[in-house]
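Student: Keeping their order, the protein sequence lines are chains F and P. Just so we're aligned, residue 270 is where the first sequence starts under my numbering, counting upward by one. Just so we're aligned, residue 8 is where the second sequence starts under my numbering, counting upward by one. Idealized CB from N, CA, C, for every residue including glycine. The structure displayed is predicted, hence computed values, not measured ones.
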Amino acid sequence: MNVDYLSMMVILPILASIFLLILTSRLDPAARAKFDAPVRMAAFIISLAMFAVATLMFLGQIGDAGWNDIAFNTFEFQESYVWIEQLGITWTVGVDGLSFPMVWLTTLLMPITIIATWNEKAGATYFPLMLMLGGALIGVFVALDMFMFYVFWELTLIPMFFMILKWGGKDRKYAAQKFFIYTFTASVIMLLGLLTMYFLMDTQTFSIQEMVVQASGANASGFWLGLEVQKILFIMLMLGFLVKLPAAPFHTWLPDAHVQAPTGGSMMLAGVMLKMGAYGMFRLPISLFPHALEEFQFIIMMIGLVSLVWGAIVCLGQTNLKKMVAYSSVSHMGVILLGIASMQPLGWAAALFMMFAHGIISPMLFAVCGAFKHHYHSMEIGAMRGMAKHSPWLATSMMFGWMASLGLPLLAGFVAELMLMVAYWYAYGWWIIFPGLVLAITAAYYLWSMQRTIFEGGEATQPPESLHGEPVPDIDNFEKIAMLLLAAFTILFGIMPWIFLDMMDMWTRSAMAFLGLGGA
Amino acid sequence: MSTGNEFDTDMIETLGPEFTVFVGLLLIMVVPNLGNGTFRIPGTSIRLPWFLGGTRFKAVASPRLPGLLAVLTMALALFQVIWYLLDATPADGQDIMAGGVFIFKVNMFSRIFEAIFFAALLLAAIASLDRLPIGSQKSDDIDVLFNNRRQADFYILMLTSALGMSVVALAQDMFVLFVGLELASFSTYILVAFHKESRAGSEGGAKYFIVGSVASAVGLYGLSMLYLWSGSLQFHELAAHWEAQGATSLSMMALGFVLVGFAFKISAAPFHFAAPDAYSGANSPVAGVLATASKAMGMLGLMRVLLIITVPEANADGSAIWIGLLGVLAAVTMTWGNIAALGSENPKRMLAYSSVAHAGYMLAALTAIGAWNWGLVDNAGVAMDVVVAALLFHMFVLVFFKLGAFLVLGVLEMEGGASRLSSLAGLGKREPLLAVAMFLFMISLAGVPPMAGFLSKLLVIMGIVEVATGTGSLSSIGDAHWVWWLALLMVVNSAISMFYYLRVGVVMYFHEPEEGRKGPLASGASIRIAIALCAIGTVAFGLVGGELIELCRDAAESLR
């Protein structure tokens with residue numbers, strides 16, 4: 270029997286979340302409190318099942334394809350149904366080497382996020398929202414229809430908006446609205462670009478695959494739609510994705526959203542939602558308008574460089590731990606843009622692997638920040654000293670996460686950074702001084718913050734004042750499990766990056782050859 | 008195409024929904040007055056039972072009766088209209104003539120407008136069942152007013168406005184259209200001021216009446232000039248005359264005046280000034296009707312005038328003669344509406360301004376039709392089909408989320424008012440389902456998928472872009488027709504509108520409820536049913552709107 274696993278992974282969590290939300294909203298507050306644990310368990314089991322399905326798909330155990338097929342062929346697990354016939358809109362799903370790692374990453378992060386925030390006492394609506402977010406994110410990655418892509422693209426905003434609004438920090442109201450409006454504005458402009466493109470096509474279709482084929486056919490012998498139009502549409506589409514990524518100067522929503530968001534929200538936001546931007550770039554503007562990409566190559570490189578440098582320098586001045594991590598995300602997302610702008614298969618693969626590695630490492634950083642906040646009620650870097658002494662687990666996790674993020678060899682982040690540096694050297698030569706410098710700054714702010722929180726103080730530890738003299742707790746068992754899992758995967762993909770890197774590499778090579786770019 | 012003549016049984020069959028409304032109207036007038044009254048034959052002492060007046064029968068004295076009758080009437084009429092729509096093809100059409108003059112035409116286009124009107128009025132009538140159309144909370148007042156005839160008056164006015172609107176939908180003659188428009192307008196003027204105990208109600212009603220009657224007078228003046236110019240107010244003769252003579256200074260002036268009349272109805276800037284006062288003064292279901300049915304009626308008038316009468320005419324560059332004027336009007340209206348809504352602290356005023364913004368979006372779509380002679384779109388029909396279908400879809404689904412938003416405010420009004428944004432505070436905790444429904448309506452108004460509002464906005468933008476891109480071979484975006492920039496302005500405006508729609512969500516979920524407004528709201532089963540229907544419609548038409556799109560396309564085709 271042919272089961273449509275991808276659609277199930279999109280629809281089931283969303284339906285389950287709506288069901289759970291309606292169920293709990295009918296109850297009075299006292300009865301609702303009793304539902305907290307069962308709802309959490311239900312969300313956990315569903316997310317675990319999704320992870321199992323994604324992993325089995327990868328291993329080729331279920332369905333008619335495995336990682337080999339995903340890497341070598343265009344789209345696997347493809348299913349298509351008519352959605353709105355009158356507009357030619359279909360529900361089409363499928364995965365290739367670009368989207369599958371992201372789908373797997375989403376399913377991996379969902380259970381881990383739920384474990385990490387197991388004891389947050391967030392009430393019965395938090396975990397259903399997490400499920401809805403997960404379903405919508407997978408929907409973005411597997412959609413092969415422009416309309417479906419856009420619907421899920423916007424749908425991810427709603428659960429995240431409520432997560433920030435309901436469980437966020439002090440300025441959550443401002444942050445949630447800023448987050449929503451920034452990304453919404455960018456995406457409506459993207460929508461207008463998509464629609465304009467739709468009507469300029471020879472054969473009008475919403476199917477992303479058919480659009481790409483049509484574009485490449487026309488691009489092979491000239492400029493599809495004409496260079497001028499191609500450039501404008503490229504800008505309109507890229508705008509939507511650059512804001513989501515986020516790249517300077519559109520990044521200002523990110524620190525606010527991250528600092529205010531609850532731990533789980535931050536983990537998903539940094540882990541997967543930012544990657545939607547990079548994924549979208551590869552899937553639409555780059556695949557459709559390679560000529561425009563060549564035109565804007567240098568500008569994209571500059572945007573990436575500015576994000577990288579600016580993010581890193583701002584990190585140096587932060588006293589808020591979470592804000593520092595948020596700006597380090599901006600910095601790392603700049604790396605992805607540099608990878609794209611290098612126009613090398615290696616650089617693109619580096620960008621893809623950066624998406625993946627950052628997707629595992631940054632949730633760990635935010636889990637550390639969340640634990641910090643959860644146990645010490647403070648996020649100030651200087652508020653506590655000598656953590657290594659009284660909270661060894663948290664100190665170790667923090668150190669591990671920080672090291673992974675600054676690119677320690679044998680950890681996942683290093684692979685991506687090394688590949689990028691090589692590709693960048695090929696493409697831009699001595700410009701490499703800037704990203705090289707940034708690596709040094711990155712090391713500086715991470716080490717400095719560690720020094721101030723973990724080590725300084727030696728024997729005489731200084732517990733944070735916000736604890737008011739209570740004994741200093743270490744992280745609880747659930748948080749330990751989440752940290753261990755994230756650390757294990759960071760090491761796994763640091764030592765054996767080929768598990769997904771090969772797939773990404775195949776994708777970039779075939780994509781570049783298909784688009785007629787670079788030296789593939 | 009069959010041609011009926013004079014009054015006969017055929018005609019009654021054709022005009023079934025309208026007669027249903029008419030009969031319902033008579034019933035509401037008569038039934039609540041039935042009693043044991045007698046009639047004494049003059050000069051004798053013989054008393055004949057007369058059944059009117061006297062002590063009313065218990066069964067008919069119930070204050071709920073008029074409302075139930077009205078709901079039943081509207082539901083029956085809506086059912087007939089939908090029945091017709093599901094059965095009809097675009098080629099169908101029946102003319103109703105009187106003395107060789109075309110009065111009405113029944114086809115899919117007019118029927119779908121009736122479906123919009125009746126659906127809006129039905130939802131408003133259901134919502135009004137449980138609540139008094141007044142804001143007073145004192146129990147002795149309630150008793151007095153409940154037994155009063157105001158219940159009957161309220162629903163009579165609703166049905167007369169339904170009748171007026173359906174006349175507008177069917178009319179084939181400018182004068183008939185105007186009569187229907189006035190019937191509907193006068194009913195709504197009174198409905199707005201029905202809230203006579205409150206100053207806001209009377210003030211809103213008075214303003215609405217004054218501005219509305221001035222606009223009507225200007226429109227009527229335009230009509231008289233049209234008559235002077237062509238010698239007839241029949242649509243087909245006006246169209247033929249326009250084709251033969253083209254624009255003259257007289258006809259252009261007449262057109263301008265007529266446009267003013269309709270622009271007031273759709274509350275396009277700068278004729279929208281009375282709208283916020285009227286919406287905030289009226290009780291919520293009525294305000295919802297103003298923002299949906301009444302606006303659709305104005306849009307219908309605009310379409311009739313601009314498309315049937317003027318599309319044969321084309322400028323030298325291949326666009327309709329009114330395109331520049333309408334484009335400016337659209338741009339100003341949507342921007343003004345959104346910016347004014349940003350600063351509104353009263354949720355009903357905010358919704359009123361958002362309705363102005365939506366009028367701007369619709370005008371932008373109409374403007375695109377004017378660019379029909381552009382490249383690929385080789386005849387006016389194609390452009391009209393695409394854009395008119397989008398507009399029909401937009402107006403149809405607008406009934407659900409716009410009216411729904413007003414109804415949620417209506418539930419709050421039962422508690423004592425919804426004139427400040429803070430009245431909504433804490434709704435997320437007090438009434439989770441109501442808050443979710445309100446949030447759905449808000450993001451649907453803003454155009455976030457997968458709500459119906461997204462699909463409708465998508466269709467409108469698609470219509471504009473399709474006309475603007477024309478042949479599909481542009482060397483730059485500057486080569487597209489300038490209506491493309493209206494589409495850009497529209498998406499930018501959608502982004503601006505996100506601010507105030509989201510603010511409602513934030514207030515509902517973030518702010519603590521006001522003093523003395525804790526716990527669940529007063530129950531009102533019928534208004535909640537109406538809200539639930541609206542919420543279901545908002546989500547359902549967003550997810551599976553295909554059938555309705557098909558219907559709207561057929562209806563648009565039947566306009567040609």
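Determine whether the Cβ of Ile468/P lies closer than 8 Å to any Cβ atom of chain F.
Tutor: Here residue 468/P corresponds to residue number 461 of the second sequence, with the count starting at 1. Yes, its Cβ sits closer than 8 Å to a Cβ of chain F.
Student: Nearest CA to the CA of Leu405/P: which residue from Ala542/P, Val28/P, Gly219/P and Arg535/P?
Tutor: By one-based count along the second sequence, residue 405/P stands at place 398. Ranking Ala542/P, Val28/P, Gly219/P and Arg535/P by Cα distance to Leu405/P puts Ala542/P first.
Student: May I ask you to list the residues that DSSP assigns as paired with Lys500/F?
Tutor: For the purposes of this step, residue 500/F is taken as the residue at position 231 of the first sequence. DSSP lists no partner for Lys500/F.
Student: Distance, Cα to Cα, Asn283/P vs Gly305/P?
Tutor: Along the second sequence, one-based indexing puts residue 283/P at 276. Along the second sequence, one-based indexing puts residue 305/P at 298. Contrary to the premise, residue 283/P reads as Pro rather than Asn in this sequence. Their Cα atoms are separated by approximately 17 Å.
Student: Report yes or no: do the region 15-35 of chain P and the region 90-103 of chain P share at least 3 C-beta pairs separated by less than 8 Å?
Tutor: The region 15-35 of chain P vs the region 90-103 of chain P: in contact.
Student: Report the residue ranges of all alpha helix (DSSP H) runs contained in full by the region 394-448 of chain F; include only those spanning at least 4 residues, in chain order.
Tutor: Fully enclosed alpha helix (DSSP H) runs of 4 or longer: 395-411, 415-424 and 426-436.
Student: Rounded to the nearest angstrom, what separates Leu569/P and Arg206/P at their Cα positions?
Tutor: Chain P is shown only over 8 to 567; residue 569/P falls outside these bounds and no answer can be derived.
Student: From the DSSP secondary-structure annotation, give me the bridge partner or partners of Met172/P.
Tutor: Here residue 172/P refers to the residue found at position 165 of the second sequence. Bridge partners of Met172/P: none, in fact.
Student: Anything in chain P within Cβ reach of Tyr693/F, meaning under 8 Å, just list it in chain order.
Tutor: Your numbering for residue 693/F matches position 424 in the first sequence. By Cβ distance, chain P contributes nothing, its closest Cβ being about 33 Å from Tyr693/F, past 8 Å.
Student: Less than 8 Å between the CB atoms is what I'm expecting for Val363/P and Gly334/P, so what's the real figure, rounded?
Tutor: Counted from its first residue, the second sequence places residue 363/P at position 356. Counted from its first residue, the second sequence places residue 334/P at position 327. Wrong, their Cβ atoms sit about 17 Å apart, outside the cutoff.
Student: Between which two residues does the beta strand (DSSP E) carrying Gly60/P extend?
Tutor: For the purposes of this step, residue 60/P is identified with residue 53 of the second sequence, where counting begins at 1. Note, Gly60/P: premise wrong, no beta strand (DSSP E); not H, not E.
Student: I want to verify the contact list: residues of chain P whose CB lies under 8 Å from the CB of Ile790/F, in sequence order.
Tutor: With chain F covering only 270 through 789, there is no way to say anything about residue 790/F.
Student: I'd like the list of long-range same chain contacts for Trp776/F, defined as Cβ closer than 6 Å, with 5 residues on each side in sequence excluded.
Tutor: Counted from its first residue, the first sequence places residue 776/F at position 507. Only Gly366 and Leu367 meet the Cβ criterion.
Student: If the cut is a Cβ gap below 9 Å, which residues of chain F does Leu32/P touch?
Tutor: Translated into the one-based positions of the second sequence, residue 32/P becomes position 25. Residues of chain F passing the Cβ test: none, with the nearest at roughly 37 Å.
Student: Counting only beta-carbon atoms, is Ala494/P nearer than 8 Å to chain F?
Tutor: Along the second sequence, one-based indexing puts residue 494/P at 487. Yes - at least one Cβ of chain F is within 8 Å of the one on Ala494/P.
Student: Looking at the structure shown, is Met781/F part of a helix, part of a strand, or coil, going by DSSP?
Tutor: Indexing the first sequence from 1 puts residue 781/F at position 512. Met781/F falls in the helix class under three-state DSSP.
Student: So, Pro531/F versus Met432/F, is the Cβ gap smaller than 8 Å?
Tutor: By 1-based counting over the first sequence, the position of residue 531/F is 262. By 1-based counting over the first sequence, the position of residue 432/F is 163. Their beta carbons are under 8 Å apart, which means Pro531/F touches Met432/F by this criterion.
Student: Taking the alpha-carbon positions, what's the His527/F to Ala626/F distance?
Tutor: Translated into the one-based positions of the first sequence, residue 527/F becomes position 258. Translated into the one-based positions of the first sequence, residue 626/F becomes position 357. Those two C-alpha atoms are separated by around 19 Å.
Student: Going by DSSP, what residue range makes up the beta strand (DSSP E) through Ile353/F?
Tutor: The residue labelled residue 353/F in the question sits at position 84 within the first sequence. Taken as a continuous stretch (DSSP letters only), the beta strand (DSSP E) holding Ile353/F covers Glu345 to Ile353.
Student: Following the continuous alpha helix (DSSP H) through Gly608/F, name the residue where it begins and the one where it ends.
Tutor: Mapped onto the first sequence, residue 608/F falls at position 339. Leu590 to Ser611 is the span of the alpha helix (DSSP H), which, as asked, contains Gly608/F.
Student: Of the choices Thr374/P, Leu555/P, Lys272/P and Gly433/P, whose alpha-carbon is the least far from that of Met172/P?
Tutor: For the purposes of this step, residue 172/P is taken as the residue at position 165 of the second sequence. That would be Lys272/P, whose Cα lies nearest to the Cα of Met172/P.
Student: Which of the three DSSP states is assigned to Asp180/P in this structure?
Tutor: For the purposes of this step, residue 180/P is identified with residue 173 of the second sequence, where counting begins at 1. In the structure shown, Asp180/P sits in a strand (DSSP, three-state: E or B).
Student: So, are the CB atoms of Ala539/F and Ser598/F less than 8 Å apart?
Tutor: Here residue 539/F refers to the residue found at position 270 when the first sequence is read from its first residue. Here residue 598/F refers to the residue found at position 329 when the first sequence is read from its first residue. The answer is yes: Cβ separation under 8 Å.
Student: What residues of chain F sit near Ile543/P, judged by a beta carbon separation below 8 Å?
Tutor: The residue you call residue 543/P lines up with position 536 of the second sequence. Those within 8 Å of Ile543/P in chain F number zero; the least Cβ separation is about 13 Å.
Student: Beta-carbon within less than 7 Å of Gly670/F's beta-carbon, same chain only, minus the 5 sequence neighbours each way: which residues are those?
Tutor: As a working note, residue 670/F is residue 401 in the first sequence. Closer than 7 Å at Cβ, skipping near neighbours: Ile630, Met633, Leu634 and Val637.
Student: If we define contact as Cβ-Cβ less than 8 Å, is Val457/F a contact residue for chain P?
Tutor: As a first step, residue 457/F is located in the first sequence; it is residue number 188 there, counting from the start. So yes, Val457/F belongs to the interface.
Student: Beta-carbon within less than 7 Å of Asp745/F's beta-carbon, same chain only, minus the 5 sequence neighbours each way: which residues are those?
Tutor: Here residue 745/F corresponds to residue number 476 of the first sequence, with the count starting at 1. Same-chain partners within the cutoff: Asn388.
Student: Rounded to whole angstroms, how far is the Cβ of Ile383/F from the Cβ of Leu754/F, which I believe are closer than 8 Å?
Tutor: As a position in the first sequence, residue 383/F is number 114, starting the count at 1. As a position in the first sequence, residue 754/F is number 485, starting the count at 1. Wrong, their Cβ atoms sit about 12 Å apart, outside the cutoff.
Student: With 8 Å as the threshold, decide whether the Cβ of Tyr419/F is near any Cβ in chain P.
Tutor: To locate residue 419/F, count along the first sequence from 1; it is residue 150. At least one chain P Cβ lies under 8 Å of Tyr419/F.
Student: CA-CA distance, Glu564/P and Ala391/F?
Tutor: Indexing the second sequence from 1 puts residue 564/P at position 557. Indexing the first sequence from 1 puts residue 391/F at position 122. Between Glu564/P and Ala391/F, the C-alpha separation is close to 54 Å.
Student: Between Phe161/P, Met104/P, Ala547/P and Tyr215/P, which has its C-alpha nearest Leu76/P's C-alpha?
Tutor: Residue 76/P sits at position 69 when you count from the first residue of the second sequence. Comparing Cα positions, the closest option is Phe161/P.
Student: Is there contact here, the region 401-417 of chain P with the region 292-303 of chain P, by at least three beta-carbon pairs under 8 Å?
Tutor: The answer is yes - the region 292-303 of chain P touches the region 401-417 of chain P, with three or more Cβ pairs under 8 Å.
Student: Which residues in chain F have a C-beta closer than 8 Å to the C-beta of Ile556/P? List them in chain order.
Tutor: For the purposes of this step, residue 556/P is taken as residue 549 along the second sequence, with counting starting at 1. Going along chain F in sequence order, the residues near Ile556/P (Cβ under 8 Å) are Ile353, Gln355 and Leu356.
Student: Just to confirm my understanding: we take Met445/P, look at its own chain, exclude 5 residues before and 5 after, and list those with CB closer than 6 Å. What are they?
Tutor: Position 438 of the second sequence holds residue 445/P. So the list reads Val415, once near-sequence residues are dropped.
Student: Got a sec? Which residues, its chain only, sit under 8 Å from Gly60/P by beta carbon, not counting five neighbours each side?
Tutor: For the purposes of this step, residue 60/P is taken as residue 53 along the second sequence, with counting starting at 1. Same-chain partners within the cutoff: Asn40, Gly42 and Gly44.
Student: Go through its chain and collect everything with a Cβ distance to Met260/P's Cβ below 7 Å, but skip five positions before and after it.
Tutor: By one-based count along the second sequence, residue 260/P stands at place 253. If we look at Met260/P and ignore the five residues flanking it on each side, its Cβ neighbours are Met232.
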